[in-house]
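**Student:** Just dropping this structure here.
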Amino acid sequence: MRSELFKKIGFVLVLATGLALASGPVMGAEPIKIGIVSPVSGNFADHGMLERIGMEMALEDYNNEILGRPITLIVADDETNPDVAARRARRLIEVDGVKFLMGGVSTSTGLSVGAVAEEKKVLFICTNQNGDQITGESARHHVFRVPPDMAMLVRSGAKEAADTLGKKWFFLTHDYSWGHSGTMWARKTLNKVGAAEMGEIKVPLNTRDFSSQLLQVRNSGADLLVITVAGFDNVSLMKQMAEMKIYDKMKVWYTLMDLVDLWAIDPAERQAYFCAEMYYMETPETQKFTERFAKKFPRAAVPVLDTGTYNGWLSMKILLEAIKKAGTADSVEKVICAMEGLEVKDNMRKFPSKVRAWDHQVTTEVVFLKANPLAKGTNIADIKKEVSGEEFARTKEENLDKDNKPVNVSCQK
Numbered sequence: 141m142r143s144e145l146f147k148k149i150g151f152v153l154v155l156a157t158g159l160a161l162a163s164g165p166v167m168g169a170e171p172i173k174i175g176i177v178s179p180v181s182g183n184f185a186d187h188g189m190l191e192r193i194g195m196e197m198a199l200e201d202y203n204n205e206i207l208g209r210p211i212t213l214i215v216a217d218d219e220t221n222p223d224v225a226a227r228r229a230r231r232l233i234e235v236d237g238v239k240f241l242m243g244g245v246s247t248s249t250g251l252s253v254g255a256v257a258e259e260k261k262v263l264f265i266c267t268n269q270n271g272d273q274i275t276g277e278s279a280r281h282h283v284f285r286v287p288p289d290m291a292m293l294v295r296s297g298a299k300e301a302a303d304t305l306g307k308k309w310f311f312l313t314h315d316y317s318w319g320h321s322g323t324m325w326a327r328k329t330l331n332k333v334g335a336a337e338m339g340e341i342k343v344p345l346n347t348r349d350f351s352s353q354l355l356q357v358r359n360s361g362a363d364l365l366v367i368t369v370a371g372f373d374n375v376s377l378m379k380q381m382a383e384m385k386i387y388d389k390m391k392v393w394y395t396l397m398d399l400v401d402l403w404a405i406d407p408a409e410r411q412a413y414f415c416a417e418m419y420y421m422e423t424p425e426t427q428k429f430t431e432r433f434a435k436k437f438p439r440a441a442v443p444v445l446d447t448g449t450y451n452g453w454l455s456m457k458i459l460l461e462a463i464k465k466a467g468t469a470d471s472v473e474k475v476i477c478a479m480e481g482l483e484v485k486d487n488m489r490k491f492p493s494k495v496r497a498w499d500h501q502v503t504t505e506v507v508f509l510k511a512n513p514l515a516k517g518t519n520i521a522d523i524k525k526e527v528s529g530e531e532f533a534r535t536k537e538e539n540l541d542k543d544n545k546p547v548n549v550s551c552q553k
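Residue numbers for the sequence shown follow the working numbering, so the first one is 141 and each next one is one higher.
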């Protein structure tokens with residue numbers, strides 16, 4: 141229903157979190173417009189909805205205002221299409237007068253919106269894109285990324301996977317930039333963890349039938365299937381792995397999976413190991429946030445705090461803290477410089493979230509989990525390990541730009 145509404149009004153909607161909720165001293169003040177470029181339809185529609193919920197909840201924490209000014213969100217459906225995302229970002233800037241953008245799930249759309257942001261000199265925060273390019277070879281002065289890149293995620297879990305799951309790895313890869321990043325980093329860890337590659341299959345976006353690929357996997361001789369696939373494609377994949385008894389032949393490890401995918405399948409089909417950006421049972425704070433989330437959005441795609449919701453919340457919090465630190469929302473450059481080096485300790489996690497100045501990557505906690513097919517209720521995975529992403533993040537020496545030089549997009553460049 142909500143997707144249809146977006147289609148009818150041209151994919152742009154002012155959410156009821158701005159002027160309508162302003163009160164007291166902010167009444168009459170000029171609103172700060174934030175453009176949300178996020179999937180409302182397509183393979184990542186559920187993920188997009190969850191990140192927007194997180195943004196709304198962050199605004200509630202700030203009483204929907206900063207520096208005495210109300211905040212208005214304007215949402216545009218990126219359709220998980222880079223060209224569409226860029227076109228709608230451009231409209232938000234040129235027609236709606238937006239100076240701040242955030243959102244998105246696909247790395248490809250993040251790269252295209254980032255190019256527009258750099259051209260138009262507006263600030264863009266990638267909220268759920270994990271491909272390395274965003275803060276690597278395609279890093280930009282006007283672009284920040286809140287979730288961990290695939291280097292942090294894969295390197296945090298590779299040794300655990302090799303030591304406890306298997307050393308003969310077969311890769312199943314979503315055939316676009318994010319999927320390529322996950323498999324690339326897993327390959328780079330092979331020698332270090334004593335594992336060997338048994339093959340790879342790349343699958344395009346919007347694949348729903350994995351039967352032929354899983355036949356190849358089953359006959360590959362691998363003892364660990366390493367997957368970088370997400371969204372509705374992944375929901376279909378997990379169902380078919382259970383049907384074809386892949387788990388009887390080998391272990392399965394996802395380089396990254398969001399809880400919303402796992403929640404969408406039957407309990408008996410939840411058997412994989414996976415890296416995640418967060419899990420709602422981590423701390424009393426994340427559990428309390430989940431209670432608030434469930435009361436406010438009882439019909440959400442997943443009934444607990446998910447990665448998408450958390451990253452949407454943290455992205456908005458980082459932006460608002462940077463605006464507050466800069467003392468203005470009128471100068472994008474001042475907000476960028478204020479965001480660099482920002483550290484968020486009240487992030488509900490064991491480790492703080494830190495905004496690196498030189499590549500605009502946020503480092504935060506990452507988690508290694510095992511899905512539990514016997515679980516009752518909402519706690520459907522067991523935490524095996526929690527680490528600081530900072531420990532596994534790319535160094536300046538290994539994070540190179542297109543000229544093969546260390547990335548440096550900071551204000552102090």
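Backbone N, C-alpha and C fix where the C-beta goes; we use that ideal spot for every residue, glycine too.
Start and end of the alpha helix (DSSP H) containing lysine 464?
**Tutor:** Taking the first residue of the sequence shown as 1, we reach residue 464 at position 324. Note, lysine 464: alpha helix (DSSP H), 447-466.
**Student:** For the structure I just gave you, are there three or more beta carbon pairs, one from the region 323-334 and one from the region 345-362, closer than 8 Å?
**Tutor:** Contact between the region 323-334 and the region 345-362 is absent, because fewer than three Cβ pairs lie under 8 Å.
**Student:** Rounded to a whole number of angstroms, what is the C-alpha to C-alpha distance between isoleucine 214 and alanine 257?
**Tutor:** Position 74 of the sequence shown, counted from the start, is the residue given in the question as residue 214. Position 117 of the sequence shown, counted from the start, is the residue given in the question as residue 257. Distance between the alpha carbons of isoleucine 214 and alanine 257 is about 16 Å.
**Student:** Note the first and the last residue of the continuous beta strand (DSSP E) segment covering histidine 187.
**Tutor:** Residue 187 sits at position 47 when you count from the first residue of the sequence shown. Unbroken run through histidine 187 is the alpha helix (DSSP H), 185-201; no beta strand (DSSP E).
**Student:** How long is the line joining the alpha carbons of aspartate 541 and alanine 533, rounded to whole angstroms?
**Tutor:** As a working mapping, residue 541 is identified with position 401 in the sequence shown. As a working mapping, residue 533 is identified with position 393 in the sequence shown. Straight-line Cα distance between these residues: approximately 16 Å.
**Student:** State buried or exposed for arginine 489, treating a residue as buried only when at least 16 other CB atoms are found within 10 Å of its CB.
**Tutor:** Residue numbering aside, residue 489 sits at position 349 when the sequence shown is read from its first letter. It counts as buried.
**Student:** Once the 5 residues before and after alanine 434 are set aside, which same chain residues still bring their CB inside 6 Å of it?
**Tutor:** To locate residue 434, count along the sequence shown from 1; it is residue 294. Closer than 6 Å at Cβ, skipping near neighbours: Pro443.
**Student:** In terms of residue numbering, what span does the beta strand (DSSP E) encompassing glutamate 526 cover?
**Tutor:** Against the sequence shown, residue 526 aligns to sequence position 386. Here the beta strand (DSSP E) through glutamate 526 covers 521-528.
**Student:** Should glutamine 411 go down as buried or exposed, given a rule of 16 or more other Cβ atoms within 10 Å for buried?
**Tutor:** Along the sequence shown, one-based indexing puts residue 411 at 271. Per the 10 Å Cβ criterion, buried.
**Student:** If you measure from the CB of glycine 175, is any heavy atom of the ligand GTP nearer than 7 Å?
**Tutor:** Annotation note on the ligand GTP: not contained in the displayed structure, which lists no ligands.
**Student:** Identify every residue that forms a DSSP beta bridge with tyrosine 316.
**Tutor:** If you number the sequence shown from 1, residue 316 lands on position 176. Paired residue(s): none; tyrosine 316 is not in a bridge.
**Student:** Report yes if the CB atom of valine 235 is closer than 8 Å to the CB atom of isoleucine 265, and no otherwise.
**Tutor:** The count along the sequence shown starts at 1 and reaches residue 235 at position 95. The count along the sequence shown starts at 1 and reaches residue 265 at position 125. Their beta carbons are not under 8 Å apart, which means valine 235 does not touch isoleucine 265 by this criterion.
**Student:** Excluding the 5 residues preceding and the 5 following alanine 183 in the sequence, name in chain order all residues of the same chain whose CB lies nearer than 7 Å to its CB.
**Tutor:** Here residue 183 corresponds to residue number 43 of the sequence shown, with the count starting at 1. A small fix is needed here, since residue 183 is asparagine in this sequence, not alanine. The residues are Thr220, Leu345, Asn346, Gly371, Phe372 and Asp373.
**Student:** DSSP beta-bridge partners for valine 333?
**Tutor:** Counting from 1 along the sequence shown, the entry for residue 333 is found at position 193. Valine 333 pairs with nothing; no bridge assigned.
**Student:** Got a sec? Which residues, its chain only, sit under 7 Å from lysine 464 by beta carbon, not counting five neighbours each side?
**Tutor:** Mapped onto the sequence shown, residue 464 falls at position 324. Excluding sequence neighbours, lysine 464 sits near Ile206 and Leu207.
**Student:** Please classify aspartate 406 as buried or exposed, where buried requires at least 16 other C-beta atoms within 10 Å of its C-beta.
**Tutor:** Taking the first residue of the sequence shown as position 1, residue 406 is located at position 266. Burial call: exposed.
**Student:** Are glutamate 526 and valine 507 closer than 8 Å when you measure CB to CB?
**Tutor:** Residue 526 sits at position 386 when you count from the first residue of the sequence shown. Residue 507 sits at position 367 when you count from the first residue of the sequence shown. Yes. Within cutoff.
**Student:** Ignoring anything shorter than 3 residues or poking outside the region 318-392, list the beta strand (DSSP E) runs there in chain order.
**Tutor:** Within the region 318-392, the complete beta strand (DSSP E) runs of at least 3 residues are 336-343 and 364-368.
**Student:** Considering only the alpha carbon of each residue, which of Gln269, Gly194 and Arg348 lies closest to arginine 432?
**Tutor:** Translated into the one-based positions of the sequence shown, residue 432 becomes position 292. Looking at the Cα atoms, Gly194 is the closest of the given residues.
**Student:** Count the other CB atoms within 10 Å of the CB of asparagine 487; is the residue buried (16 or more) or exposed (fewer)?
**Tutor:** Within the sequence shown, numbered from 1, the residue matching residue 487 stands at position 347. So asparagine 487 counts as buried.
**Student:** According to the Cβ coordinates, are glycine 322 and valine 294 closer than 8 Å?
**Tutor:** Position 182 of the sequence shown, counting from 1, holds the residue named residue 322. Position 154 of the sequence shown, counting from 1, holds the residue named residue 294. Going by C-beta atoms, glycine 322 is nearer than 8 Å to valine 294.
**Student:** Within the same chain, show all residues whose beta-carbon is closer than 6 Å to that of leucine 460, passing over the 5 residues directly before and after it, in chain order.
**Tutor:** For the purposes of this step, residue 460 is taken as the residue at position 320 of the sequence shown. Correct list, in chain order: Tyr202 and Ile206.
**Student:** Taking three-plus beta-carbon pairs below 8 Å as touching, is the region 234-250 in contact with the region 172-187?
**Tutor:** Verdict: yes, contact present.
**Student:** Going along the chain, which residues of its own chain have a beta-carbon closer than 8 Å to the beta-carbon of alanine 497, five neighbours each way excluded?
**Tutor:** As a working mapping, residue 497 is identified with position 357 in the sequence shown. The residues are Glu480, Gly481, Ser550, Cys551 and Gln552.
**Student:** Specify the secondary structure class of tryptophan 498 as computed by DSSP and reduced to three states.
**Tutor:** Taking the sequence shown and counting its residues from 1, one reaches residue 498 at position 358. In this structure, tryptophan 498 counts as coil in the three-state DSSP scheme.
**Student:** Identify the residues that DSSP records as bridge partners of arginine 209: which are they?
**Tutor:** On the sequence shown, residue 209 is found 69 positions in, with the first residue counted as 1. Its beta-bridge partners are Ile206.
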